[in-house]
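To start, the structure under review is shown below, and the notes come after it.
In the working numbering, the protein residues as written are 8 to 467.
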């Protein structure tokens with residue numbers, strides 16, 4: 008193991024700067040003080056893991072978990088408790104990652120998570136540290152605001168505090184990943200154990216990508232829950248088994264979950280595209296999400312990697328290309344996790360309509376330093392997800408014009424279902440009339456001029 012002491016050849020200036028940097032990191036991450044002369048937190052000294060520093064960080068994470076659990080017990084159920092639970096899980100996962108790496112370094116007992124080592128990225132760690140310092144200031148300001156407020160305003164302020172703390176916990180986890188060279192844990196394939204890991208080649212053919220052999224038509228029969236409409240996809244990949252265990256139905260490259268929203272029992276739809284998933288260990292797994300929750304549609308690109316962006320800008324630059332069409336440069340809303348971007352509401356619905364007949368979506372997200380995060384999603388099976396999201400959120404997957412809407416409103420009025428004045432604006436009255444007609448016709452009462460309804464009306 009390499010010594011964590013500073014080499015005399017680095018000189019006094021280097022030693023002073025290194026110690027100051029170690030102190031800054033210790034304060035920002037909340038790990039307590041750094042002993043004089045110690046550079047255990049410097050990336051240049053952690054090719055061999057700094058055991059004492061990691062043990063200290065694990066103790067600090069344990070303390071934070073205990074504090075958050077005690078705070079959660081005071082709030083009982085509700086939004087604040089939910090946010091606290093998410094922060095607790097983030098802290099526990101971070102601690103488990105460090106525990107795993109430490110056990111591997113020391114040659115200790117096998118632990119539940121299998122985690123490989125990677126090269127530390129000191130430049131990335133420094134950038135994340137700047138975000139942590141800025142986020143800590145936001146947390147402090149939110150706590151001060153909550154302390155002065157009471158009643159409903161106080162409850163809202165407390166929810167903001169917990170949201171900001173959750174983001175801070177995620178940033179700290181990302182810093183440790185970059186500083187110590189840790190990769191995120193990947194769920195092992197069914198039947199695999201920590202002592203006998205399954206290789207990518209063994210689980211998905213020479214290509215290593217889940218289902219890659221399926222793209223060439225070599226996939227076998229597959230599990231009973233596999234989508235029979237897509238025999239070209241290899242459903243023996245562990246990601247599909249995991250989705251099945253979690254209650255998703257499988258449609259092509261997608262997993263689909265349909266439930267009811269806790270707040271109002273409205274339909275809640277969540278679809279995840281896993282065509283970018285690769286078996287084995289990897290630094291990130293890009294994913295595409297389509298969802299409808301509490302009446303809001305969203306299309307989200309999760310790069311599964313920290314995205315460096317401007318603090319005071321809520322969007323990130325995205326370039327996307329659908330099939331062979333021209334690439335489109337756009338700006339998507341930045342995710343609170345700082346790991347991707349999304350389109351919400353009417354913008355999300357517009358994107359669903361664009362993707363409905365498509366076979367492939369390329370997405371590139373660019374950081375402010377020019378680094379890009381690319382992903383290509385194969386959309387086979389997506390229409391089941393798009394239809395479910397559209398039905399739940401009450402919009403059509405067809406790109407209808409004002410004239411189209413006027414024609415549909417006129418037909419509803421003629422049939423005795425009051426859609427109001429045929430003005431081409433699809434409002435509450437039109438949706439109510441359509442829903443009544445759909446129920447009487449035996450169709451799903453979405454309230455939207457969906458494909459099935461227009462076909463039943465004789466409209467092409």
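Glycine included, C-beta positions come from ideal geometry on N, C-alpha and C.
Item                                                                                                                                                                     : Value
Looking at the secondary structure, which residues open and close the beta strand (DSSP E) in which residue 462 lies?                                                    : Taken as a continuous stretch (DSSP letters only), residue 462 belongs to no beta strand (DSSP E), being part of the alpha helix (DSSP H) at 458 to 463.
Whole-angstrom Cβ separation of residue 101 and residue 136, contact assumed at under 8 Å?                                                                               : Going by Cβ atoms, the distance from residue 101 to residue 136 rounds to 16 Å, so no, they are not a contact pair.
Can you tell me whether residue 415 is buried or exposed, with buried defined as 16 or more other CB within 10 angstroms of its CB?                                      : buried
Can you tell me whether DSSP reads residue 256 as helix, strand or coil?                                                                                                 : strand
Assuming contact is defined by CB atoms lying nearer than 8 Å, are residue 406 and residue 360 in contact in what I supplied?                                            : yes
Please determine, among 299, 315, 325 and 240, the residue with the shortest C-alpha to C-alpha distance to residue 284.                                                 : 240
Between the alpha carbons of residue 463 and residue 310, how many angstroms are there, rounded?                                                                         : 40 Å
Which partner residues of residue 297 appear in the DSSP bridge assignment?                                                                                              : 278 and 306
Residue 64: which of 184, 342 and 272 sits nearest, CA to CA?                                                                                                            : 184
Determine the direct distance from the alpha carbon of residue 299 to that of residue 305, and round the result to whole angstroms.                                      : 6 Å
Could you tell me which residues DSSP pairs with residue 329 in its beta bridges?                                                                                        : 368
Pull up the CB-CB distance for residue 384 and residue 368, whole angstroms please, since I reckon it's below 8 Å.                                                       : 5 Å
In chain order, what residues of the same chain have a beta carbon less than 8 Å from the beta carbon of residue 174, not counting five sequence neighbours either side? : 142, 343, 344 and 345
Alpha carbon to alpha carbon, how far is residue 266 from residue 276? Give it in angstroms, no decimals.                                                                : 6 Å
Could you compute how far the alpha carbon of residue 243 sits from the alpha carbon of residue 390?                                                                     : 22 Å
From 379, 443, 302 and 178, pick the residue whose C-alpha is nearest to that of residue 268; which is it?                                                               : 302
Please classify residue 230 as buried or exposed, where buried requires at least 16 other C-beta atoms within 10 Å of its C-beta.                                        : exposed
In angstroms with no decimal places, state the Cα-to-Cα distance between residue 457 and residue 297.                                                                    : 18 Å
Taking only three categories from DSSP, how would you classify residue 383?                                                                                              : strand
One question on the structure: do residue 133 and residue 149 come within less than 8 Å of each other, judged by their Cβ atoms?                                         : no
Does the beta-carbon distance from residue 373 to residue 293 come in below 8 Å?                                                                                         : no
Output yes or no for whether 8 Å exceeds the beta carbon distance between residue 413 and residue 427.                                                                   : no
Look up residue 323 in the DSSP assignment and say whether it is helix, strand or coil.                                                                                  : strand
With DSSP collapsed to three states, give me the class of residue 436.                                                                                                   : helix
Please look up how many angstroms separate the CB atoms of residue 322 and residue 336, rounded, as I've assumed it's under 8 Å.                                         : Incorrect: roughly 12 Å between the Cβ atoms, too far for contact.
Are there 16 or more other CB atoms within 10 angstroms of the CB of residue 2, so buried, or fewer, so exposed?                                                         : Outside the displayed span of the chain (8 to 467) sits residue 2, for which this structure offers no information.
Which partner residues does residue 265 have in the DSSP bridge list?                                                                                                    : 276
Looking at C-alpha atoms only, which residue of 396, 274, 263 and 357 is the closest neighbour of residue 281?                                                           : 263
Does chain D have any CB closer than 8 Å to the CB of residue 129?                                                                                                       : Included in the structure is just one protein chain, with no chain D present.
With DSSP as the reference, label residue 247 as helix, strand or coil.                                                                                                  : helix
Decide if residue 434 is buried, meaning its Cβ has at least 16 other Cβ atoms within 10 Å, or exposed.                                                                  : exposed
Helix, strand or coil for residue 345? Go by DSSP, reduced to three states.                                                                                              : coil
Looking at residue 75 and residue 91, is the spacing between their C-beta atoms short of 8 Å?                                                                            : yes
Judging by CA-CA distance, which residue of 145, 357, 330 and 396 is the nearest neighbour of residue 278?                                                               : 396
Which residue wins for smallest C-alpha separation from residue 454, given the options 403, 145, 127 and 429?                                                            : 403
Which of the three DSSP states is assigned to residue 373 in this structure?                                                                                             : strand
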